[in-house]
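Peer 1: Residue numbers (my numbering): 115 to 231.
Each residue gets a CB set at the ideal place from its N, CA and C atoms; glycine is no exception.
Listed below in structure tokens is the structure:
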């Protein structure tokens with residue numbers, strides 16, 4: 115798999131995890147972002163590279179900083195603090211032993227402890 119394909123797959127997994135943690139359905143996110151649910155699904159599966167405007171809209175719909183998604187795509191250099199927090203959030207989101215409710219509670223607690231990173 116090429117580096118670009120890996121970045122798209124990583125972004126897709128991250129978007130899906132963040133959507134699930136936020137307990138937002140694809141359709142609800144589609145309505146909030148004015149992006150079709152089928153396109154969002156394809157992004158989550160790493161099939162397409164979104165434009166910066168689409169990523170910005172998705173970030174806002176998920177309550178994320180757009181820069182977080184831009185860094186994941188390699189469009190911005192990763193900052194040390196963002197990278198550190200993102201790693202923790204990724205670990206929580208990717209832990210299959212946790213329920214969605216547990217993931218959400220852990221992430222909220224973590225963000226509260228580090229100042230809303």
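Report the three-state DSSP secondary structure of residue 209 (helix, strand or coil).
Peer 2: Numbered from its first residue, the chain shown carries residue 209 at position 95. DSSP places residue 209 in coil when its eight states are reduced to three.
Peer 1: Quick test of your reading: residue 176 and residue 154, contact by CB under 8 Å. State the CB separation rounded to the nearest angstrom.
Peer 2: Reading the chain shown from its first residue, position 62 is the one you call residue 176. Reading the chain shown from its first residue, position 40 is the one you call residue 154. Taking a contact as a CB-CB distance under 8 Å, the pair residue 176 and residue 154 does not count as one, their CB atoms being some 11 Å apart.
Peer 1: Select from 205, 184, 201, 178 the residue whose C-alpha is nearest the C-alpha of residue 136.
Peer 2: Counting from one through the chain shown, the residue named residue 136 turns up at place 22. For the residues 205, 184, 201, 178, the minimum Cα distance to residue 136 belongs to 178.
Peer 1: Mapping DSSP to helix, strand and coil, what is residue 176?
Peer 2: Residue numbering aside, residue 176 sits at position 62 when the chain shown is read from its first letter. If DSSP states are grouped into helix, strand and coil, residue 176 belongs with the helices.
Peer 1: Would you say residue 150 and residue 142 are within 8 Å of each other, going by their C-beta atoms?
Peer 2: Against the chain shown, residue 150 aligns to sequence position 36. Against the chain shown, residue 142 aligns to sequence position 28. Contact: no.
Peer 1: Quick one: using the 10 Å Cβ neighbour count with 16 as the cut-off for buried, is residue 222 buried or exposed?
Peer 2: Residue numbering aside, residue 222 sits at position 108 when the chain shown is read from its first letter. So residue 222 ends up on the exposed side.
Peer 1: Inspect the beta-carbon positions of residue 204 and residue 128 and report whether they are closer than 8 Å.
Peer 2: For the purposes of this step, residue 204 is identified with residue 90 of the chain shown, where counting begins at 1. For the purposes of this step, residue 128 is identified with residue 14 of the chain shown, where counting begins at 1. With respect to residue 128, residue 204 sits close: the two C-beta atoms are nearer than 8 Å.
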